[in-house]
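Protein chains: 2
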Amino acid sequence: MKHLPHKTIERLSQYRRALLICAAKGKAHIFSHEIAKIQHITPVQVRRDIMLIGYTGTLRKGYNVQELIDLIGDIIDTKEGLNVAIVGIGNLGRAMINYFNGKRTKLSIVAAFDSNPDKVERAFSGVKCYHIDQMGEIIKNENISIGIITVPAGAAPEITEKLVNSGIKGILNFTPKPVNVPSRIYLEEYDMITSLEKIAFFVKTHA
Amino acid sequence: MKHLPHKTIERLSQYRRALLICAAKGKAHIFSHEIAKIQHITPVQVRRDIMLIGYTGTLRKGYNVQELIDLIGDIIDTKEGLNVAIVGIGNLGRAMINYFNGKRTKLSIVAAFDSNPDKVERAFSGVKCYHIDQMGEIIKNENISIGIITVPAGAAPEITEKLVNSGIKGILNFTPKPVNVPSRIYLEEYDMITSLEKIAFFVKTHA
DNA sequence: TACCCTTTGTTAAATTATTAACAATTTTCT
DNA sequence: AGAAAATTGTTAATAATTTAACAAAGGGTA
Numbered sequence: 001m002k003h004l005p006h007k008t009i010e011r012l013s014q015y016r017r018a019l020l021i022c023a024a025k026g027k028a029h030i031f032s033h034e035i036a037k038i039q040h041i042t043p044v045q046v047r048r049d050i051m052l053i054g055y056t057g058t059l060r061k062g063y064n065v066q067e068l069i070d071l072i073g074d075i076i077d078t079k080e081g082l083n084v085a086i087v088g089i090g091n092l093g094r095a096m097i098n099y100f101n102g103k104r105t106k107l108s109i110v111a112a113f114d115s116n117p118d119k120v121e122r123a124f125s126g127v128k129c130y131h132i133d134q135m136g137e138i139i140k141n142e143n144i145s146i147g148i149i150t151v152p153a154g155a156a157p158e159i160t161e162k163l164v165n166s167g168i169k170g171i172l173n174f175t176p177k178p179v180n181v182p183s184r185i186y187l188e189e190y191d192m193i194t195s196l197e198k199i200a201f202f203v204k205t206h207a
Numbered sequence: 001m002k003h004l005p006h007k008t009i010e011r012l013s014q015y016r017r018a019l020l021i022c023a024a025k026g027k028a029h030i031f032s033h034e035i036a037k038i039q040h041i042t043p044v045q046v047r048r049d050i051m052l053i054g055y056t057g058t059l060r061k062g063y064n065v066q067e068l069i070d071l072i073g074d075i076i077d078t079k080e081g082l083n084v085a086i087v088g089i090g091n092l093g094r095a096m097i098n099y100f101n102g103k104r105t106k107l108s109i110v111a112a113f114d115s116n117p118d119k120v121e122r123a124f125s126g127v128k129c130y131h132i133d134q135m136g137e138i139i140k141n142e143n144i145s146i147g148i149i150t151v152p153a154g155a156a157p158e159i160t161e162k163l164v165n166s167g168i169k170g171i172l173n174f175t176p177k178p179v180n181v182p183s184r185i186y187l188e189e190y191d192m193i194t195s196l197e198k199i200a201f202f203v204k205t206h207a
């Protein structure tokens, strides 16, 4: 299989989540237009994405829900799963942990870090919190490959550097401050304010 | 001015934030490559975005920081500002409120809603929480145009419907469940799990 | 002055992403 | 059997986005 576009990867993740819900309801097959409806996109796009991963449905029944779930899993997940750490146990950090607890996934948050002594050595929704200075050690011992940054913006560069030095492979930065990482590390950044300002712009102009 | 691309709007919001920091440091002028460095993009893209909004820098000094901030404000903000409500006072909802409190911006979170009686009538970081049943009334009285959904996924469709019926203009949905809105309403959705799974994929394939 | 360096503004090209179009296939109905 | 309807898979077309290329301008310097 050749390159899968970034956007396709994102949609596959979302298809899988929708499919898992369908599977739980006992639905065995699904049509492209049904998936499309759930995700507010076009059926063509769904078929195209599915084509790109080399799966084939049947003409009258559509796609086999479980097969598609499994195939997307083969593409996105690693067999053993990946371990995740969260840095910064504020409201956002706790939200992430809670968010994850329900889901069954190949990604597990296995450690948290914070600089506040009141938080270290405590567990948050089952995830133990360590002091930031222990980051290098824990990340290596626990084989953690992804770090989520949910600290205040000012601390982001320093935390990023620590994560990079600890041998992390991917980073999700939720602070509004863009951070720099070596090109071997995959970086994703999301900024809530930007999302809101974008909505504001379109509300304003569409009015 | 003609259509500004979505991506340009997102970047303008980010440029402005970077520029505000520069201005606070007393920097009066900035080059496209400096902005680009901060945002990890190319200088050409910065110049192109700035061209699209009709601003012009000077050849030897670059762009005037304050002028650019003001112009981006003219584009993104409304003069009087927009009011925002947050629905669901869990960790994520509180994170959003805290996030906003520091920033000076034309968007203000003026109300929160929750179904938990222990939370209603309380204030969270200065934002008063009402019962969900009061949504229609409060949104009209407070002239709220944007709603942020931070409830558990299962409740998302019902909350969305209430927001729509209350006359909201834009929605930011943080639940993993895609919601349906009439086309007159601007909808933005963000799903943390998708972001993480995307990172996982690239960590896996880039290894 | 004449040349070099830097930076903007902008057009053109390339790339990426989405949408349209449609042949092929299977089922259902008459 | 033959026609009609629905759906997939795929190629072609379109649209959106990014990147490249480069002329023009200004300032420094020998």
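Residue numbers (the working numbering), protein chains in the order written: chain W, 1 to 207; chain Y, 1 to 207.
Note that beta-carbon positions come from the ideal geometry of N, C-alpha and C, so glycine has one too.
Under 8 Å, Cβ to Cβ, is there at least one residue of chain W near residue i?
| i | result |
| --- | --- |
| ASN101 of chain Y | no |
| HIS206 of chain Y | yes |
Could you check what DSSP says for residue i in three-state terms: helix, strand or coil?
| i | result |
| --- | --- |
| THR160 of chain Y | helix |
| ASN83 of chain W | strand |
| GLY62 of chain W | strand |
| ILE109 of chain W | strand |
| VAL203 of chain Y | helix |
| PHE124 of chain Y | strand |
When you compare each of the options to residue i by their alpha carbons, which one comes out closest?
| i | options | result |
| --- | --- | --- |
| ALA123 of chain Y | Y:GLN134, Y:LEU52, Y:MET135 and Y:VAL110 | Y:VAL110 |
| PRO157 of chain W | W:HIS33, W:PHE113, W:PRO178 and W:ALA95 | W:PRO178 |
| ASP118 of chain Y | Y:THR105, Y:LEU107, Y:ILE132 and Y:SER108 | Y:ILE132 |
| ALA36 of chain Y | Y:ALA28, Y:GLY54, Y:TYR55 and Y:ARG16 | Y:ARG16 |
| PRO5 of chain W | W:ILE50, W:ASP70, W:ARG94 and W:ILE21 | W:ILE50 |
| LYS27 of chain W | W:ILE146, W:PRO43 and W:GLU67 | W:GLU67 |
| ILE146 of chain W | W:LEU82, W:ARG104 and W:ARG60 | W:LEU82 |
| GLY88 of chain W | Y:ALA85, Y:GLY57 and Y:ALA95 | Y:ALA95 |
| ALA85 of chain Y | Y:THR160, Y:ALA112, Y:LEU92 and Y:SER183 | Y:ALA112 |
| GLN14 of chain Y | Y:LEU52, Y:ILE72 and Y:GLY93 | Y:ILE72 |
| ARG47 of chain Y | Y:HIS40, Y:GLY57 and Y:ILE38 | Y:GLY57 |
| GLU137 of chain Y | Y:GLU34, Y:TYR63, Y:ASP70 and Y:LYS162 | Y:LYS162 |
| GLY93 of chain W | W:ILE149, W:VAL203, W:ILE21 and W:LYS169 | W:ILE149 |
| LYS128 of chain W | W:VAL120, W:LEU20 and W:ALA24 | W:VAL120 |
| LYS198 of chain Y | W:ILE30, W:ILE76 and W:HIS29 | W:ILE76 |
| LEU107 of chain W | W:SER115, W:LEU59 and W:ASN143 | W:ASN143 |
Do you know how far the Cα of residue j is from the Cα of residue i?
| i | j | result |
| --- | --- | --- |
| LYS140 of chain W | ILE171 of chain W | 16 Å |
| ALA153 of chain Y | GLN45 of chain W | 25 Å |
| ALA200 of chain Y | ASP191 of chain W | 20 Å |
| GLU188 of chain Y | ASN173 of chain Y | 6 Å |
| ILE185 of chain W | LEU196 of chain Y | 14 Å |
| LYS230 of chain W | THR194 of chain Y | The question about residue 230 of chain W has no answer here: the residues shown for chain W are numbered 1 through 207. |
| VAL151 of chain Y | GLY126 of chain W | 21 Å |
| GLY54 of chain Y | THR42 of chain Y | 19 Å |
| LEU12 of chain W | ASN98 of chain W | 23 Å |
| ASN101 of chain W | GLY62 of chain Y | 49 Å |
| PHE202 of chain W | LYS25 of chain W | 37 Å |
| SER166 of chain W | MET135 of chain W | 7 Å |
| ASP70 of chain Y | ASP114 of chain W | 37 Å |
Could you confirm whether any beta carbon from chain Y is found closer than 8 Å to the beta carbon of residue i?
| i | result |
| --- | --- |
| ASP77 of chain W | yes |
| GLN208 of chain W | This structure leaves residue 208 of chain W out entirely; chain W is present only between 1 and 207. |
State yes or no: is the C-beta of residue i nearer than 7 Å to some heavy atom of the ligand MG?
| i | result |
| --- | --- |
| GLU67 of chain W | Looking for the ligand MG in the displayed structure turns up nothing, as the structure carries no ligands at all. |
Requested in this report: Could I get the ranges of all uninterrupted alpha helix (DSSP H) runs contained in the region 136-201 of chain Y, with 4 residues as the minimum, in chain order?
Outcome: 156-165
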